[in-house]
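Number of protein chains: 4
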Amino acid sequence: MDLAHSSSAAGRSRSLSERFRALRSASVSLVSPLSDADATIQSMPDASPAKWHLAHTTWFFETFLLRDHLGGYRLFDERWPYLFNSYYEAEGERHARAARGMLSRPSLDEVLAYRAHVDGAMEGLLGREELADLIALGIAHEEQHQELLLTDIKHALWRNPLGPAYGDLPSGVMDRGEGALGWIEHPGGIAMIGHKGAGFAFDNEVPAHRVLLEPFALSPRLVTNREWDAFIADGGYRTAGLWLSDGWAWVQENAIAAPLYWREGEAFTLGGWRVRDPEAPVTHISHYEADAYATWAGMRLPTEFEWEVAARNSDPAAGVQCDGLAVHPVGSGQLFGDCWQWTRSAYLPYPRFRPAEGAVGEYNGKFMSGQCVLKGASCATPRGHSRATYRNFFQPYQRWQFTGLRLARDL
Amino acid sequence: MDLAHSSSAAGRSRSLSERFRALRSASVSLVSPLSDADATIQSMPDASPAKWHLAHTTWFFETFLLRDHLGGYRLFDERWPYLFNSYYEAEGERHARAARGMLSRPSLDEVLAYRAHVDGAMEGLLGREELADLIALGIAHEEQHQELLLTDIKHALWRNPLGPAYGDLPSGVMDRGEGALGWIEHPGGIAMIGHKGAGFAFDNEVPAHRVLLEPFALSPRLVTNREWDAFIADGGYRTAGLWLSDGWAWVQENAIAAPLYWREGEAFTLGGWRVRDPEAPVTHISHYEADAYATWAGMRLPTEFEWEVAARNSDPAAGVQCDGLAVHPVGSGQLFGDCWQWTRSAYLPYPRFRPAEGAVGEYNGKFMSGQCVLKGASCATPRGHSRATYRNFFQPYQRWQFTGLRLARDL
Amino acid sequence: MDLAHSSSAAGRSRSLSERFRALRSASVSLVSPLSDADATIQSMPDASPAKWHLAHTTWFFETFLLRDHLGGYRLFDERWPYLFNSYYEAEGERHARAARGMLSRPSLDEVLAYRAHVDGAMEGLLGREELADLIALGIAHEEQHQELLLTDIKHALWRNPLGPAYGDLPSGVMDRGEGALGWIEHPGGIAMIGHKGAGFAFDNEVPAHRVLLEPFALSPRLVTNREWDAFIADGGYRTAGLWLSDGWAWVQENAIAAPLYWREGEAFTLGGWRVRDPEAPVTHISHYEADAYATWAGMRLPTEFEWEVAARNSDPAAGVQCDGLAVHPVGSGQLFGDCWQWTRSAYLPYPRFRPAEGAVGEYNGKFMSGQCVLKGASCATPRGHSRATYRNFFQPYQRWQFTGLRLARDL
Amino acid sequence: MDLAHSSSAAGRSRSLSERFRALRSASVSLVSPLSDADATIQSMPDASPAKWHLAHTTWFFETFLLRDHLGGYRLFDERWPYLFNSYYEAEGERHARAARGMLSRPSLDEVLAYRAHVDGAMEGLLGREELADLIALGIAHEEQHQELLLTDIKHALWRNPLGPAYGDLPSGVMDRGEGALGWIEHPGGIAMIGHKGAGFAFDNEVPAHRVLLEPFALSPRLVTNREWDAFIADGGYRTAGLWLSDGWAWVQENAIAAPLYWREGEAFTLGGWRVRDPEAPVTHISHYEADAYATWAGMRLPTEFEWEVAARNSDPAAGVQCDGLAVHPVGSGQLFGDCWQWTRSAYLPYPRFRPAEGAVGEYNGKFMSGQCVLKGASCATPRGHSRATYRNFFQPYQRWQFTGLRLARDL
Ligand SMILES: [Fe+3]
Ligand SMILES: [Fe+3]
Ligand SMILES: [Fe+3]
Ligand SMILES: [Fe+3]
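Protein chains in written order, with the UniProt record's numbering: chain X, 1 to 411; chain V, 1 to 411; chain P, 1 to 411; chain S, 1 to 411.
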């Protein structure tokens, strides 16, 4: 099946079953620190309630697997697809995105019952080889929503003047290994980009194709809070010449003077308000801020192609990624983890890209306008979800994800 | 004390204690059909979460009674006044009104604990005669919020596509007694307006003063759904000449074509979606709609003075008012009850009006701009709360309260 | 004819002819300092281009006099009624108010030709007695637009960073006569309000009727720039407790800290930027500002009824009013002139008010919602236009008219 | 000088002088059909008044040539740089873009006098070889504004209900030569992109660099009105699946159902309202519309690199481009002319791109965010202005330029 671009390894279906069950269980554990009310509120149109994430990912399996492929399956509730479809036009009318916070009903318990119902029915499909790609897509989809659930609840809790914590942050200090790595240099030339062969990938990662690169170098680590403080101290947010025109307008209109979640000496984290660690990677910055910082530093953002080529041989499951609940970037010497890394690349289709037929074809292609590509993985990304060819994308002003910055320069 | 304008009858303090306890208990029972999530969401900036109403009314007692008058009282939580102050500038900074729906914490249970704590401490003040007026003000204040809690949760549940019910509606059909009453005629002349003498009243009801009235007549009952259907069928919402200029702009911009909560043949009620009763009073109409209807009917809205004079000898506790939970206008032959009745009077200070000193002086006076007076009481008004001199007020476009219309004409 | 409420004095038609010709000529002279471009631009939706005022007042005569009453009259241009109808719904669709500044065509010269054409045709109607009331209405209408033309062009020129002058200001210093007048005291009681008998009046000034007044006093002169400076120095714009709730929100949202057109030590006038005269009346203030000042001064705004009763025997044509081109408030001991004076009265219909039949019935009645009454006359009011019963009205936030403040207090 | 990337051919300065004089004269002739009022109005924030274009292009020469390089030069008016700086932050504060329509002063005549003054002073610099690149930049800059002047005045005249014409359209029917050309096929491979060597180019066209292309084909001609009618008839504007997500939101919010300037059977042109020619290229479409059409047609938009490579050997001065006043796309067999052609490429910097030092460095680089590249030239482009490496760019929703569409497909 085109969308998922998976290999057909023997024994995959068993592993897929296990992965499905682990995934579904992990999502539920993410809401364990939350009350029904916590899981209901929506703090901005870009964010969704935790409860909605749990239900929407379940709707995905119910719709594209159970409804379409399990004979005799009855919907858990016929009114719910209207509530929990996100943006699939082909699936009909749906509840307005900005009004997801109005759904005090169904309750969190009812949503959990929905999950159990769908999980039970899914057992009948997990072994069907011809559905493996679609199930893998559903898993990858839910992993994405696990990350969104964490960043969305962080935003919601931050808007509460009481500043409640979602959970405990890891207390140990990571070996950041700054000394270990030098600038990552690359001689340029023709490089292969995109996914090919075994393993799952989204449709926006294919077809694999060649690009021409000039010689470049990537910074060995992400820009830190200490460095960002220097940017601020040097008037970075008040110097028009450092900014893209749209970025400067955004700074002026929103009176931006620091990353999101900063206040004097502190930052809001999933563990509540904490003193900022100067050596940790700066996070919650927009593309505009990342670009201005790079200009200030006399460098630039990497392209998505440069980043992908540099990361080809790195372990995508290494670094600071999400294994449990409360997460926070602390820094490491890895290419993956801590923060998604803004590139200067616009999110556009690869040559000969074709969306899949049907509703799942709306997964990626229609968003290829006005957004920027991010590479890597963040502290909130389920470990194992990302890879070198992965293309994350957000609007250039958005910064409630764990976004950060790795510098590049020409050689 | 000026604000409350109460009489000092012997034994009042005991009755005040009983009223306080009954009031506080009634508020809690209003949230019995609601989950923590239901009580947390805010469906528009004009509305507040149910939980917030419970906490804000408690903050009023904690601040103006316990903090100011109970030696050694410690705040339940020092961070909560910031959350639950509504608009008292003299009480300092406060949480933004439009962001009240972000407060998933404190939980409903914590708010109920807050109420119990304050209720306990209040026992030490209930017998103090010099505080009786301030306590009576706190009671009247909480009664207002009981009505708002009902209208706000109605709005929130309506925004849920599942259309959940808050509770059961009364099933019995009321004797509407239409035949009983004819037009209420009045010969005009000098009349006394406003509150004087015994009993509680808000500061906006004084000083009592004289006004000159022309001869007029008031309709014996409220305009009904059946009559409103005729207005619609006659093109009422499409005929510019019937509308105030601001009203016509409001109709155009918001594509208004029916009262709030109407859909084909049905209306949303606290009992969920129900078939509309043609003989019940029309409700959830704006001042603009009421004015346009009156013009269409060849009549006009009454002034607040006409209404008050006509109602002087009516029982303000009669009619369809709130005794329990789910409420709905069904019609009666009374002047009070079913729906608040729009007047053509702007909400302005009475001659020689003076706001009270201190924060409670912000209770009414500062809102005397741009709003319209409503008289009577609605099905959601706690029975006993209103009186002939009562001045309710809302913006002319607002219609999520149980608002209705009684016609007037010149004699 | 009801609308104009005029007397039928012998010889009126001749005088009406003369008044018509003088009026029409005066309007044209108002644009003598303006280029076609000056007369085309629209600086905000509340304001209209000078050219539009010239054409719209002509459209009024063409439509309600020539078209309706002159046999065989042909429209000057059949497409222009669409352009120059202001708000008469009964006259059909019209050009959007906010887009009046798009009309670089027709040119100012073409509009002047339109005026000449209509003036010529009007000669055939000026002697017809049965049209005298309608012609008087057209004259009063155009006088209103003469004032708006001046206040609108002032706003437009102010928005130009070059700060061009419309004309020379009168240089002589007026005898302000402050000493001459004491507080104007009135014992209260029953008073007649509104227009009755001979002379033109708008429909909103009738029917005459009685009101009851409490004893009050009016300040002998308008509040001055010097006094306003003291209000500012005392933190008037930063003290929430002085303001109506809507007013405080307006101050915060718009960062209001001074009257419109003020900058350090200067004010923009029709003569360009000028040093402020501390003894001249403060002008270009909103109702909110006027109300806050009165509260700060320990007084209040008068009601429209108090003002009218106090002014009954004053000469409405005295004081600083408009005789020529450039105008500015300089102060005088008169009740009329310099600035329109905000009252605390909402703009509402008088008892038994009925709009006229047909399109001219839209003149006043439909605006009776959300606005405040102003009394007197300003330096831009054509001398002879106003009278004690005159009811001017604007939104409480508007301040581009020559608006000012006279204090009142209870006796 | 880096910015202009010009060759230093002998005799260039003389030709530059001639080009300068011809350019300056051509700009003035563009306003010959306009009154001062026409040249003053601003119909939307994206557009500027004709007068402003004349003055701003003059300010560019006055600032970067005369002020910086002509000893003893005195500014024509010291207050005007504030008015006529467009977006150069390094040149200080400036008049708000959206308020350019407030400038009834200076008059068109005064602006023409400004032009004459600057032109005279420029004679002293035209022969200086070291300034040739900067002068060439000023010329290219003014050519861009000539095109904007035409598209902006078209928009302004369209907003006038009278629909006035700017001038006569060419009446002759062009030989469109559709039969002449087949699909333009290209085998892909490594191609050089960007400007190198002799001749002027903007800084965004360099450095020249290599890209890898897949085999592709370009349509021989632009999509026509007839074809667009078929798209509409087939429900193109109502079919979500054809649109980018941002595009679909734009269609919904703005109720888009046809290209800009269309009404039943007609289109607004610089010659007023005209019957649409079905064989002429469709124009005034957004990127979103172009992309949706291509999807509907089973094809795609070309990349900017594909277009540039295909056009390398075409004559950039051929086709329907601007030689005189009134212009309109009529169709031809050329790659250049008629309409700017949307590509699927985001407007991003070329590898090793560096903005110039100083204020002129703000010319292009800071706009490299959120915009789309267009290639070719339009009927309003001064003939000789464009070239194969030229990168025009606009926001994907903008469509008041003469924008059109050439299809591409993979081979
Ligand atoms: Fe999803
Ligand atoms: Fe309250
Ligand atoms: Fe008018
Ligand atoms: Fe420019």
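Even for Gly, the Cβ is constructed at its ideal location relative to N, Cα and C.
Pick from the options that is closest to residue i, judged by C-alpha positions
| i | options | result |
| --- | --- | --- |
| HIS195 (chain X) | X:ARG409, X:GLN398, X:SER386 | X:SER386 |
| GLN321 (chain V) | V:GLY265, V:TRP52, V:LEU335 | V:LEU335 |
| PRO316 (chain S) | S:THR40, S:GLU123, S:LYS366, S:LYS375 | S:LYS375 |
| ALA55 (chain S) | S:HIS117, S:PHE393, S:PHE202 | S:HIS117 |
| ASP338 (chain X) | X:ASP109, X:ASN225, X:ARG344 | X:ASN225 |
| MET192 (chain P) | P:GLU304, P:LEU112, P:GLY365 | P:GLU304 |
| ALA198 (chain P) | P:TYR166, P:ALA136, P:ASP323 | P:ALA136 |
| GLU139 (chain S) | S:TYR390, S:TRP243, S:ARG24, S:ALA255 | Before going on, a small fix: residue 139 (chain S) reads as Ile here, not Glu. Minimum Cα distance to ILE139 (chain S) is reached at S:ARG24. |
| ARG19 (chain V) | V:GLU143, V:GLY272, V:SER286 | V:GLU143 |
Unbroken alpha helix (DSSP H) run spanning residue i, endpoints
| i | result |
| --- | --- |
| MET122 (chain P) | 108-122 |
| HIS209 (chain X) | It is not in any alpha helix (DSSP H) - HIS209 (chain X) instead sits in the beta strand (DSSP E) that spans 209-213. |
| LEU150 (chain X) | 132-158 |
Run of the beta strand (DSSP E) containing residue i, from where it starts to where it stops
| i | result |
| --- | --- |
| GLU185 (chain S) | 184-186 |
| PHE268 (chain P) | 266-269 |
| VAL31 (chain V) | Careful: VAL31 (chain V) lies outside any beta strand (DSSP E) and carries neither H nor E. |
| ILE190 (chain V) | 189-193 |
| ARG409 (chain P) | 408-410 |
Assigned exposure category for residue i - 16 Cβ within 10 Å defines buried
| i | result |
| --- | --- |
| SER15 (chain P) | exposed |
| SER29 (chain X) | exposed |
| GLU123 (chain V) | exposed |
| LEU411 (chain X) | exposed |
| GLY319 (chain V) | buried |
| PRO278 (chain S) | exposed |
Cα-Cα separation between residue i and residue j, rounded to whole angstroms
| i | j | result |
| --- | --- | --- |
| GLY370 (chain V) | LEU34 (chain V) | 34 Å |
| PHE231 (chain X) | SER219 (chain X) | 17 Å |
| TYR347 (chain V) | GLU214 (chain P) | 19 Å |
| GLY163 (chain X) | LEU270 (chain V) | 34 Å |
| LEU126 (chain P) | ALA132 (chain P) | 7 Å |
| LEU405 (chain V) | GLN252 (chain P) | 35 Å |
| TRP250 (chain P) | TRP342 (chain X) | 40 Å |
| LEU301 (chain X) | THR151 (chain X) | 24 Å |
| ASP168 (chain X) | GLY324 (chain X) | 11 Å |
| SER286 (chain X) | ALA165 (chain X) | 24 Å |
| ASN85 (chain S) | LEU66 (chain S) | 15 Å |
Next on the checklist: I want to know whether the stretch 349-362 of chain V touches the stretch 375-385 of chain V - three or more CB-CB distances under 8 Å.
Outcome noted: They do not touch, by the three-pair rule.
Checklist entry - Is it a yes or a no for the stretch 256-273 of chain V touching the stretch 203-211 of chain V, going by three-plus beta-carbon pairs under 8 Å? => result no
Next on the checklist: I want to know whether the stretch 82-100 of chain X touches the stretch 44-55 of chain X - three or more CB-CB distances under 8 Å.
Outcome noted: yes
Checklist entry - Is there contact between the stretch 146-156 of chain V and the stretch 58-71 of chain V, where contact requires at least three CB pairs shorter than 8 Å? => result no
Next on the checklist: Taking 8 Å as the cut-off, does the stretch 232-247 of chain P touch the stretch 324-333 of chain P (at least 3 CB pairs, one atom from each stretch)?
Outcome noted: They do not touch, by the three-pair rule.
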